[in-house]
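First up is the structure itself, then whatever we jot down about it.
There are 2 protein chains.
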Amino acid sequence: MTPIETAIKMTLDRWYGSVASLDKVLNVLTDDQLLKETAPGKNRGIYLLGHLVAVHDDMLTLLDLGEKQHPELTEPFIKMADKVTTELPSVAELRDYWSGQRALHREKFDQFTADQWFEKHTAVSADDFAKEPHRNKLNIIISRTSHLQYHTGQIALLK
Amino acid sequence: MTPIETAIKMTLDRWYGSVASLDKVLNVLTDDQLLKETAPGKNRGIYLLGHLVAVHDDMLTLLDLGEKQHPELTEPFIKMADKVTTELPSVAELRDYWSGQRALHREKFDQFTADQWFEKHTAVSADDFAKEPHRNKLNIIISRTSHLQYHTGQIALLK
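Heads up: the sequence lines are chains A and B, in that order. Count along the first sequence starting at 1, add 2, and that's the number in the numbering used here. Count along the second sequence starting at 1, add 2, and that's the number in the numbering used here.
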């Protein structure tokens with residue numbers, strides 16, 4: 003394994019480890035618990051779960067891996083704050099989306115070569131990327147892992 | 003910049019970005035707010051801040067950068083759960099430790115070469131490292147960034 007392959011493995015291991023951490027939290031929480039606020043007046047578990055699914059869905063386009071699977075989640079879980087709309091999928095549906103997404107991501111990521119991880123992501127121009135080569139696909143995984151951990155810490159408070 | 007230097011930059015940028023995120027949260031919270039529980043019955047802000055300082059202090063030894071600056075924090079903030087002891091530093095002291103530590107880490111990390119980041123950390127044996135080269139110093143930064151984000155999400159609920 004070359005150092006660059008080691009660096010990619012470290013990043014992906016942390017991503018999968020973070021996904022597994024949230025799985026573990028979700029497995030001990032009931033749907034009713036996920037309908038509660040993480041702290042008084044703050045986002046509910048259902049909102050944070052939907053938010054994570056929506057943000058991770060958006061990764062597919064950023065990584066140039068095709069269309070979003072659940073474009074209908076962008077409005078209620080990214081553009082809107084929690085408790086603005088009551089028209090949300092059920093917790094059970096969001097759990098299904100989360101599981102399906104996890105499997106799809108792994109399947110897609112397994113096909114990436116080392117070089118592909120260092121290609122530009124779709125939200126940066128070729129000119130900007132030439133000056134800022136860190137704005138690559140692997141960096142999307144790094145930033146989304148941070149985001150996932152942040153909200154997992156909050157959802158874990160419902161236990 | 004070589005791909006490996008880019009990978010190191012991405013990891014360190016995310017670490018510094020996560021440290022800056024917690025700084026931002028701490029700057030809007032009063033000491034009194036940090037004495038509150040993040041959610042009913044859960045860890046208080048002061049405990050999570052002390053826990054982060056203690057865990058990051060331990061990074062110095064893991065990265066072979068010298069002795070801990072605050073060994074007295076291990077007992078109350080890592081070994082003990084919150085609210086077990088009342089003998090804790092004040093929030094003001096912990097804020098000072100956090101700021102000092104942030105500066106010290108940056109000074110030390112700035113001196114690392116790319117090769118040094120891929121050296122084994124101190125908690126893995128040479129034999130194990132030969133088989134598992136991902137157990138290196140850069141990976142300590144990756145895992146501690148995840149841990150920091152997890153608890154920052156919780157402390158942010160005090161806002």
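Glycine included, each C-beta is placed from N, C-alpha and C at the ideal position. The structure displayed is predicted, hence computed values, not measured ones.
{"query": "List the residues of chain A that Pro135 (chain B) touches, going by C-beta distances under 7 Å, in chain order.", "result": "Met3 and Thr8"}
{"query": "Output needed for Pro91 (chain B): all residues of its chain with C-beta closer than 8 Å, excluding positions within five of it in sequence on either side, in chain order.", "result": "Gly52, Leu75 and Tyr99"}
{"query": "Would you mind stating whether Asp25 (chain B) and Ala94 (chain B) have Cβ atoms separated by less than 8 Å?", "result": "no"}
{"query": "Could you tell me the alpha carbon to alpha carbon distance between Tyr18 (chain B) and Ile6 (chain B), rounded to whole angstroms?", "result": "18 Å"}
{"query": "Report back the beta-carbon spacing between Gln35 (chain A) and Gly155 (chain B) to the nearest angstrom; my notes put them in contact at under 8 Å.", "result": "About 17 Å separates the two Cβ atoms, so there is no contact after all."}
{"query": "Within 8 Å (strictly less), CB to CB, does His72 (chain B) reach chain A?", "result": "no"}
{"query": "Please confirm if the region 137-151 of chain A is in contact with the region 48-65 of chain A, defined as three or more CB-CB distances below 8 Å between the two stretches.", "result": "yes"}
{"query": "One question on the structure: do Trp119 (chain A) and Leu106 (chain A) come within less than 8 Å of each other, judged by their Cβ atoms?", "result": "no"}
{"query": "Taking DSSP's pairing of strands, which residues face Asn138 (chain B) in a bridge?", "result": "B:Lys122"}
{"query": "Is the CB of Tyr152 (chain B) under 8 Å away from at least one CB in chain A?", "result": "yes"}
{"query": "For Met61 (chain A) and chain B, any beta-carbon pair shorter than 8 Å?", "result": "no"}
{"query": "Mind checking the region 108-120 of chain A against chain B and listing, in chain order, the residues whose C-beta falls within less than 7 Å of any C-beta there?", "result": "Phe120"}
{"query": "Straight-line CA distance for Asn138 (chain A) to Glu121 (chain A)?", "result": "5 Å"}
{"query": "Any idea what DSSP makes of Glu39 (chain B), helix, strand or coil?", "result": "strand"}
{"query": "So is Ala83 (chain B) buried or exposed if we call it buried at 16+ other beta carbons inside 10 Å?", "result": "exposed"}
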